[in-house]
């Protein structure tokens with residue numbers, strides 16, 4: 055089996071320079087985690103419980119082709135959040151997904167989970183409400199996708215390993231946002247991407263803010279929570295630009311304590327950009343173009359402190375890609391690209407998330423299709439040794 059990456063790494067801890075013996079990252083196999091031809095399944099996230107159980111949350115909606123419709127959309131009035139589990143490091147998964155949440159107005163999207171230091175789980179999502187043809191023109195085109203009007207973000211909490219969930223928590227709107235909800239009120243903060251709990255215990259969340267609708271212009275800002283996601287305060291801007299938009303941001307804390315934001319872009323040739331905070335999220339340095347394409351991202355710390363950065367690749371050949379960065383994520387423009395999958399049927403795939411398993415492997419999960427077939431939740435298992 056071909057080794058995908060073995061790179062030297064220097065980790066700076068305080069005034070000491072510690073040389074880490076690097077590990078080889080090797081692809082083992084691709085997995086199907088959940089597939090049902092009557093459903094359109096997408097946008098997963100994964101956490102590993104302390105006892106080794108794996109939880110994968112994803113958005114599920116009816117496969118509209120079953121009813122003779124032309125196809126599916128990323129907005130659906132009957133999309134909701136579900137979960138499957140594995141007790142054997144990803145070899146087998148529960149057959150019937152358990153419901154996490156169905157939004158009161160429908161259209162739930164992208165369940166993004168993080169497991170906190172107290173083992174509670176926070177899951178962020180957002181929603182779209184469907185309106186009839188005769189009223190959709192009442193809503194600014196920048197606030198809707200065809201018949202669906204944005205409802206903003208919400209969060210859920212679980213204290214028992216994802217078996218039960220709290221009522222939705224509505225985060226505050228961000229000052230400067232021009233987005234209103236389908237009900238006409240301020241838009242609760244939202245994002246698709248990974249939160250980060252830092253060594254201080256604070257929970258950090260990069261959220262997207264629409265500062266213009268026609269044309270749409272999105273920027274990113276940082277919110278923080280000191281009570282496990284129950285309440286949020288504004289911290290600082292992350293990235294903005296006069297012509298490019300930034301969204302779908304994942305955060306990562308380096309061993310030195312930097313907070314790194316990996317951002318998807320629009321109107322910027324699909325390039326990944328990165329912004330860095332060196333003062334615990336009080337401010338961010340100017341964003342930097344990585345020079346390569348892919349979105350959105352998830353950053354996983356490996357046992358040797360390097361970072362496995364995974365992302366979807368929505369250009370031919372369609373699939374899933376990765377890079378192994380050094381511990382401080384400073385070599386993003388030179389780290390070799392690793393192709394995990396290149397057999398996707400079209401660009402409707404990706405959105406990866408990753409975790410280490412109890413048997414010291416890395417499991418990358420994402421949604422996928424082959425030959426434009428059933429959208430399903432898949433995974434790639436990697437050895438790290």
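In the numbering used here, the protein residues as written are 55 to 439. Note that beta-carbon positions come from the ideal geometry of N, C-alpha and C, so glycine has one too.
Which residues DSSP lists as bridging residue i, in chain order
i, result
"residue 304", "316"
"residue 291", "275"
"residue 422", "430"
"residue 376", "364 and 392"
"residue 328", "316 and 342"
"residue 416", "410 and 436"
"residue 299", "320"
"residue 270", "267"
"residue 250", "258"
Unbroken alpha helix (DSSP H) run spanning residue i, endpoints
i, result
"residue 190", "187 to 190"
Opening and closing residue of the beta strand (DSSP E) in which residue i lies
i, result
"residue 406", "404 to 410"
"residue 264", "257 to 267"
"residue 433", "430 to 438"
"residue 363", "361 to 367"
"residue 354", "349 to 355"
"residue 184", "175 to 184"
"residue 155", "152 to 155"
"residue 165", "162 to 169"
Where residue i falls: helix, strand or coil (DSSP)
i, result
"residue 339", "coil"
"residue 390", "coil"
"residue 195", "helix"
Integer-rounded CB distance, given that residue j should sit under 8 Å from residue i
i, j, result
"residue 404", "residue 366", "2 Å"
"residue 235", "residue 205", "5 Å"
"residue 95", "residue 112", "6 Å"
"residue 196", "residue 268", "5 Å"
"residue 175", "residue 216", "6 Å"
"residue 319", "residue 298", "5 Å"
"residue 87", "residue 182", "Rounded, the Cβ-Cβ distance is 25 Å, inconsistent with contact."
"residue 438", "residue 77", "5 Å"
"residue 107", "residue 139", "6 Å"
"residue 329", "residue 338", "5 Å"
"residue 258", "residue 335", "6 Å"
"residue 396", "residue 423", "About 13 Å separates the two Cβ atoms, so there is no contact after all."
"residue 110", "residue 92", "Residue 110 to residue 92, Cβ: 19 Å. No contact."
"residue 98", "residue 419", "5 Å"
"residue 247", "residue 303", "5 Å"
What are the complete alpha helix (DSSP H) segments, minimum 4 residues, inside the stretch 79 to 149? none
Only counting runs of 3 or more residues, tell me where the beta strand (DSSP E) segments fall wholly within the stretch 197 to 248, in order along the chain. 202 to 212
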